[in-house]
Amino acid sequence: MFGRNINLDQSILLKNKIPLLYNDESWVKLFGDVNDKNIQNTKEELIELVSKERELEIQNRELQREKLKCMKMILGISDSINNDNKVENIALLDDYKNRMISINEELEELTFQLETIPKEIREANLKLLNLTIEYGYDELKVKEKVVAQSIGEIEALRQKLKNLIKTKHDYEEWINETYTFLHGLLGSEVIEKIDKERFK
């Protein structure tokens, strides 16, 4: 692995507007399926945290709606007890008051979780970024070495090809000049006869 661990500060995420990496097209293309247990585990942890945040937001909205409904019911029932003397509704009023207490407790817990989870998401994203940098630089070193070797081999092949082209050109030139010379001395009929005998 990389010589030393990379530990970037969280402020870099905000300053550089670094997105959730598992959602970034370039990150997914380069690192999404790499065979690195730490990267894959951290990516999954980050995905789970973002999913949990969404679930908490949904629960929060649902509880807020239910709280509003309870408040309307409490007002309506209180009005029926106070103005219409419907004392039989007292038990129902108590049920709604108890549900309101319960909802408020749930909302308090949800609010706490919704306030803390963004920090957990940032930390997981930062961890994934640090792991990505470590892995990326390890791979850069390996791939740069392969690129350098490939360039060397390409240059050797290019030189060999250049030499082969020169050899081919020289030989073709010699062949053409020889045929021209022999044709000039002996004529085409004699050359054709010799060709048939020599290239059986």
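Start counting at 1 in the sequence shown, then tack on 21, and there's your number in our numbering. We put the CB at the ideal spot given by N, CA and C, even for glycine. These numbers were taken from a predicted model, which means no experiment stands behind them.
Rounded Cβ spacing between residue i and residue j (contact assumed at less than 8 Å)
i           : j           : result
residue 150 : residue 64  : With a Cβ gap of about 11 Å, residue 150 and residue 64 do not count as contacting.
residue 101 : residue 107 : 4 Å
residue 74  : residue 142 : 7 Å
residue 131 : residue 84  : 7 Å
residue 124 : residue 76  : Actually they do not touch by this definition, with Cβ atoms about 17 Å apart.
residue 212 : residue 203 : 6 Å
DSSP-derived helix/strand/coil call for residue i
i           : result
residue 138 : helix
residue 211 : helix
residue 79  : helix
residue 55  : coil
residue 118 : helix
residue 220 : coil
residue 24  : Note that residue 24 scores 45 on pLDDT, short of 50, meaning its location in the model is unreliable; the coordinates nonetheless yield the value given after this. Here residue 24 sits in coil by DSSP.
residue 203 : helix
residue 37  : coil
residue 125 : helix
residue 166 : helix
Buried or exposed by the 16-neighbour rule on C-beta atoms within 10 Å, applied to residue i
i           : result
residue 169 : exposed
residue 167 : exposed
residue 184 : exposed
residue 71  : buried
residue 177 : exposed
residue 104 : exposed
residue 133 : exposed
residue 146 : buried
residue 206 : exposed
residue 152 : buried
residue 220 : exposed
residue 192 : exposed
residue 200 : exposed
residue 182 : exposed
Chain B contact for residue i (CB, 7 Å cutoff)
i           : result
residue 204 : Within the model displayed, chain B is absent; a lone protein chain is all it includes.
Do the region 55–73 and the region 150–159 make contact, defined as three or more Cβ pairs closer than 8 Å? Using a C-beta cut-off of 8 Å, the region 55–73 makes contact with the region 150–159, since at least three inter-stretch Cβ pairs fall below that distance.
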